[in-house]
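Asks: First the structure, which I've put down as structure tokens, then a few questions once you've had a look.
There are 2 protein chains.
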Amino acid sequence: ARPRVGYFYTGKNGSQLLSEKVKKIRVHEYASLPVVVSASNSVYDAICTMFLEDVGTLFVIDKHKHLVGVLSRKDLLRASMGKQEIHQIPVNIIMTRMPNITVCKKEDLLIDVALKLMEKQIDSIPVVKETSMDDVFEVIGRVTKTNMTKALVDIACDNLDLQ
Amino acid sequence: ARPRVGYFYTGKNGSQLLSEKVKKIRVHEYASLPVVVSASNSVYDAICTMFLEDVGTLFVIDKHKHLVGVLSRKDLLRASMGKQEIHQIPVNIIMTRMPNITVCKKEDLLIDVALKLMEKQIDSIPVVKETSMDDVFEVIGRVTKTNMTKALVDIACDNLDLQ
Chain A
1 ARPRVGYFYT
11 GKNGSQLLSE
21 KVKKIRVHEY
31 ASLPVVVSAS
41 NSVYDAICTM
51 FLEDVGTLFV
61 IDKHKHLVGV
71 LSRKDLLRAS
81 MGKQEIHQIP
91 VNIIMTRMPN
101 ITVCKKEDLL
111 IDVALKLMEK
121 QIDSIPVVKE
131 TSMDDVFEVI
141 GRVTKTNMTK
151 ALVDIACDNL
161 DLQ
Chain P
164 ARPRVGYFYT
174 GKNGSQLLSE
184 KVKKIRVHEY
194 ASLPVVVSAS
204 NSVYDAICTM
214 FLEDVGTLFV
224 IDKHKHLVGV
234 LSRKDLLRAS
244 MGKQEIHQIP
254 VNIIMTRMPN
264 ITVCKKEDLL
274 IDVALKLMEK
284 QIDSIPVVKE
294 TSMDDVFEVI
304 GRVTKTNMTK
314 ALVDIACDNL
324 DLQ
């Protein structure tokens, strides 16, 4: 029988063992709730929602609650500097729209999403659920660099649910 | 002599060993270069710098190159929505100013900075060097949640310089 205390040989060192655990973390273990606005909302309304909810990225949904766009602070800043009237322009004029949105699923590996955040130089990726239609998604969460920072702290504090 | 391969008993499991390594990472191993503007620059100029350099936070320095303020995308968004003329207002009107700025040193532990980023709900912390005056600092770097995401990926990929 394997001893309950002590050690046994796995051919791996401590850091390899933990890096394997870190690689197994799933998106749903760290994702936050999404903050959404409607495609017909004005840019002004979106900026207010961003401040009220204190998030860096908003997801835009249509009347069927399907994901149609993403709004970053940069998008809103660019729009608010322009000559246009932000009370009048709807967000769907300025948003990044499907299919140019990077999405993830709740069962995806957190590390793969971390790599996407860095590669695409974005702050947030929507967690989506598929619908009966191709490339049409419902938004169920949000993964940000804040979630990644939390995961890093949990590793340092040995708070991962490792077994 | 200690065997070159295999294992020896430390009383610690793999995850404890790595969490100790993670706790030893220093700020300078992950910090980015700072992006600064002068306190007399206009809000408009600061927004342009933010877009050109593609950063989320700018540090504001005085003519002695000392840190006097911090500008987040939120600060600039708030200012650009206001009725004021962003070409006219200098950034020192809207910035968060010393001594209300959370700073870190290059020898600080990365994890302590990660905790501060989460606790203060900010995106970036300046890395500073002390001067001959109390509470007067030179900015030498920038630590962001992007750096934390990079550290997490390095752990998962077992890229830490662990020994």
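Protein chains in written order, with this note's numbering: chain A, 1 to 163; chain P, 164 to 326. We treat Cβ as the ideally placed atom computed from N, Cα and C, and that holds for glycine.
For Thr102(A), return the contacting residues in chain P, with the cut-off set at a CB-CB distance below 8 Å.
Replies: Chain P residues near Thr102(A): none, gap ~14 Å exceeds 8 Å.
Asks: Does the pairing of the segment 271-280 of chain P with the segment 181-192 of chain P give three or more beta-carbon distances under 8 Å?
Replies: yes
Asks: Put Leu221(P) into one of helix, strand or coil per three-state DSSP.
Replies: strand
Asks: Taking the C-alpha atoms as reference points, what is the distance between Glu293(P) and Lys150(A)?
Replies: Their backbone Cα atoms lie some 29 Å apart in a straight line.
Asks: Is the segment 205-222 of chain P close to the segment 278-295 of chain P, with three or more CB pairs under 8 Å?
Replies: Segment contact: the segment 205-222 of chain P against the segment 278-295 of chain P, three or more CB-CB distances shorter than 8 Å; contact assigned.
Asks: In angstroms with no decimal places, state the Cα-to-Cα distance between Lys228(P) and Ala194(P).
Replies: 19 Å
Asks: Which same chain residues, not among the five before or five after Thr212(P), have their C-beta less than 7 Å away from its C-beta?
Replies: Val198, Val200 and Leu221
Asks: Would a check of beta-carbon distances place Val127(A) closer than 8 Å to chain P?
Replies: no
Asks: Which residues of the segment 72-84 of chain A have a Cβ closer than 8 Å to any Cβ of chain P? Give them in chain order.
Replies: Arg73, Lys74, Leu76, Leu77, Arg78, Ser80 and Met81
Asks: Which residue from Asn100(A), Gln121(A) and Ile93(A) puts its Cα closest to that of Asn41(A)?
Replies: Ile93(A)
Asks: On the DSSP letters alone, give me the boundaries of the alpha helix (DSSP H) that Thr149(A) sits inside.
Replies: Lys145 to Ala156
Asks: So is Ala224(A) in contact with chain P if we call contact Cβ pairs under 8 Å?
Replies: Outside the displayed span of chain A (1 to 163) sits residue 224(A), for which this structure offers no information.
Asks: Mind reading off the beta-carbon distance from Leu239(P) to Ile210(P)? Whole number of angstroms is fine, and I expect it under 8 Å.
Replies: 5 Å
Asks: For chain A, is any of its Cβ atoms less than 8 Å away from the one on Ala319(P)?
Replies: By this cut-off, Ala319(P) is an interface position.
Asks: Would a check of beta-carbon distances place Ala314(P) closer than 8 Å to chain A?
Replies: yes
Asks: Starting from the beta carbon of Ser32(A), find every residue of chain P whose beta carbon is closer than 7 Å, and list them in chain order.
Replies: Within 7 Å Cβ-Cβ: nothing; Ser32(A) doesn't reach chain P, min ~12 Å.
Asks: From Thr96(A) to Asp298(P), what distance separates their C-alpha atoms?
Replies: 43 Å
Asks: Buried or exposed, going by whether 16 or more other CB atoms sit within 10 Å of the CB of Lys120(A)?
Replies: exposed
Asks: With 16 as the cutoff for other CB atoms within 10 Å, does Asn159(A) come out buried or exposed?
Replies: Result: exposed.
Asks: Between Thr146(A) and chain P, is there a C-beta pair that is closer than 8 Å?
Replies: yes
Asks: Between Gly245(P) and Tyr207(P), what straight-line distance do the alpha-carbon atoms span, to the nearest angstrom?
Replies: Roughly 13 Å separates the two Cα atoms.
Asks: Return the chain-ordered ranges of every alpha helix (DSSP H) run that is complete within the segment 175-259 of chain P and spans a minimum of 4 residues.
Replies: Counting only runs of 4 or more, we get 177-186, 206-216 and 236-244.
Asks: Just to check my reading of the structure: Lys237(P) and Lys145(A) have Cβ atoms closer than 8 Å, yes? What is that Cβ distance to the nearest angstrom?
Replies: Contact doesn't hold; Cβ gap of about 15 Å is too wide.
Asks: Given a cut-off of 8 Å, decide if Lys268(P) and Val316(P) are closer than it, judged by their beta-carbon atoms.
Replies: no
Asks: Just reading off the alpha helix (DSSP H) that Glu282(P) is part of, what are its end residues?
Replies: Leu273 to Glu282
Asks: Leaving out the 5 sequence neighbours to the left and right, which residues in its chain are closer than 8 Å to Ser80(A) when beta-carbon positions are compared?
Replies: Val43, Ile47 and Ile86
Asks: What are the boundary residues of the beta strand (DSSP E) that Ser124(A) is part of?
Replies: Looking at the DSSP string, the run of the beta strand (DSSP E) that includes Ser124(A) is Ser124 to Glu130.
Asks: Between the C-alpha atoms of Leu230(P) and Ser295(P), what's the straight-line distance to the nearest angstrom?
Replies: 14 Å
Asks: According to DSSP, Val302(P) sits in a beta bridge with which residue or residues?
Replies: Val291(P)
Asks: Count the other C-beta atoms from every protein chain shown that fall within 10 angstroms of the C-beta of Phe214(P), then say buried if there are 16 or more, exposed otherwise.
Replies: Burial is judged here by how many other beta carbons sit within 10 angstroms of a residue's own beta carbon; Phe214(P) has fewer than 16 and is exposed.
Asks: Using a threshold of 8 Å, state whether the C-beta atoms of Val91(A) and Gly69(A) are closer than that.
Replies: yes
Asks: Label Leu71(A) either buried or exposed according to how many other C-beta atoms from any shown protein chain fall within 10 Å of its C-beta, with 16 as the threshold for buried.
Replies: That one is buried.
Asks: Could you check the C-alpha separation between Val302(P) and Ala202(P) for me, to the nearest Å?
Replies: 14 Å
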